[in-house]
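Residue numbers (this note's numbering): 113 to 360.
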């Protein structure tokens, strides 16, 4: 993240007291722990973010296991790494409400979430200077209990819209992977391009996203040995060795 760009910063989230006080604590605890969502298999199986017994490590294990399987079968893997700029800020409240309804929330719960998300304002105060107050028309509160879960539910249906690649999620970090025989590189490129188009089509309400395209060579050694890529803030070489933790 560029530290000299003002657009990369935002005020911290402070929840209003009544939002915390009048919330049904046991219900909130159950939702946060994903009891209902997991028991009903509503969370995408390859989502490793913000979940019990899931972490960056489980995401890496799933991805590397698939890559090793392809290598063992002499196949070339193509990988697209997608990172959404200001991921929590891109959540459309109306779209989120529709998704919450689809996951089984009743009208009372939907009304509570509408109140929780709407009529939010922010301003910046530094020394004796204060900015004007601006309304927050979209996004979920960062630093809150519900924010991560709401984002996971918002992005949860993305894999349903991507049929040209395998999709792995770690919160907002999206990894699209395809594999082909090493003699069929053109089809790999076509599949990756299609997967990107499908993702962009799904993400019509997002502000922007970054993507990186990488090819992982098979045992045929048709690629140079100097190969290093950044994956979930770690470095991975052509032998799928992970090392050198990077700052986010």
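Glycine included, every Cβ here is placed at the ideal spot set by N, Cα and C. Being a predicted model, the structure only gives us computed values, none of them experimental.
Per DSSP, which one or two residues make a beta bridge with residue i?
{"i": "residue 209", "result": "DSSP, once it has assigned bridges, lists no residue as partnering residue 209."}
{"i": "residue 234", "result": "246"}
{"i": "residue 299", "result": "Answer is none; residue 299 lacks a bridge partner."}
{"i": "residue 203", "result": "Answer is none; residue 203 lacks a bridge partner."}
{"i": "residue 241", "result": "238"}
{"i": "residue 159", "result": "281"}
If I'm right that residue i touches residue j with Cβ under 8 Å, what's the distance once you round it to whole angstroms?
{"i": "residue 248", "j": "residue 234", "result": "6 Å"}
{"i": "residue 201", "j": "residue 251", "result": "4 Å"}
{"i": "residue 282", "j": "residue 171", "result": "4 Å"}
{"i": "residue 307", "j": "residue 192", "result": "6 Å"}
Return the first residue and the last residue of the alpha helix (DSSP H) that residue i is part of.
{"i": "residue 264", "result": "258-267"}
{"i": "residue 176", "result": "168-184"}
{"i": "residue 196", "result": "First-last for residue 196: 187-196, but that is the beta strand (DSSP E), not the alpha helix (DSSP H)."}
{"i": "residue 272", "result": "270-273"}
{"i": "residue 226", "result": "219-229"}
Within 10 angstroms of its Cβ, does residue i collect 16 or more other Cβ (buried), or is it exposed?
{"i": "residue 160", "result": "buried"}
{"i": "residue 216", "result": "exposed"}
{"i": "residue 214", "result": "exposed"}
{"i": "residue 207", "result": "exposed"}
{"i": "residue 173", "result": "exposed"}
{"i": "residue 305", "result": "exposed"}
{"i": "residue 218", "result": "exposed"}
{"i": "residue 296", "result": "exposed"}
{"i": "residue 238", "result": "exposed"}
{"i": "residue 243", "result": "exposed"}
{"i": "residue 150", "result": "exposed"}
{"i": "residue 255", "result": "exposed"}
{"i": "residue 165", "result": "exposed"}
{"i": "residue 223", "result": "exposed"}
{"i": "residue 220", "result": "exposed"}
{"i": "residue 245", "result": "exposed"}
Under 8 Å Cβ to Cβ from residue i, same chain only, skipping five residues before and after it: list those, please.
{"i": "residue 273", "result": "310, 311, 313, 314"}
{"i": "residue 203", "result": "250, 251, 252, 262, 263, 266"}
{"i": "residue 268", "result": "154, 155, 156, 159, 211"}
{"i": "residue 181", "result": "none"}
{"i": "residue 231", "result": "247"}
{"i": "residue 209", "result": "222, 225, 226"}
{"i": "residue 205", "result": "226, 229, 230, 249, 250"}
Whose C-beta lies closer than 6 Å to the C-beta of residue i among residues of the same chain, with five residues either side of it excluded?
{"i": "residue 270", "result": "314"}
{"i": "residue 343", "result": "none"}
{"i": "residue 286", "result": "194"}
{"i": "residue 302", "result": "none"}
Name the two residues that bound the continuous beta strand (DSSP E) containing residue i.
{"i": "residue 281", "result": "278-282"}
{"i": "residue 291", "result": "285-293"}
Skipping 5 residues on each side, what residues in its chain have a beta carbon closer than 7 Å to that of residue i?
{"i": "residue 158", "result": "174, 279, 280, 281"}
{"i": "residue 162", "result": "260, 261, 264, 283"}
{"i": "residue 300", "result": "188, 190, 290, 292"}
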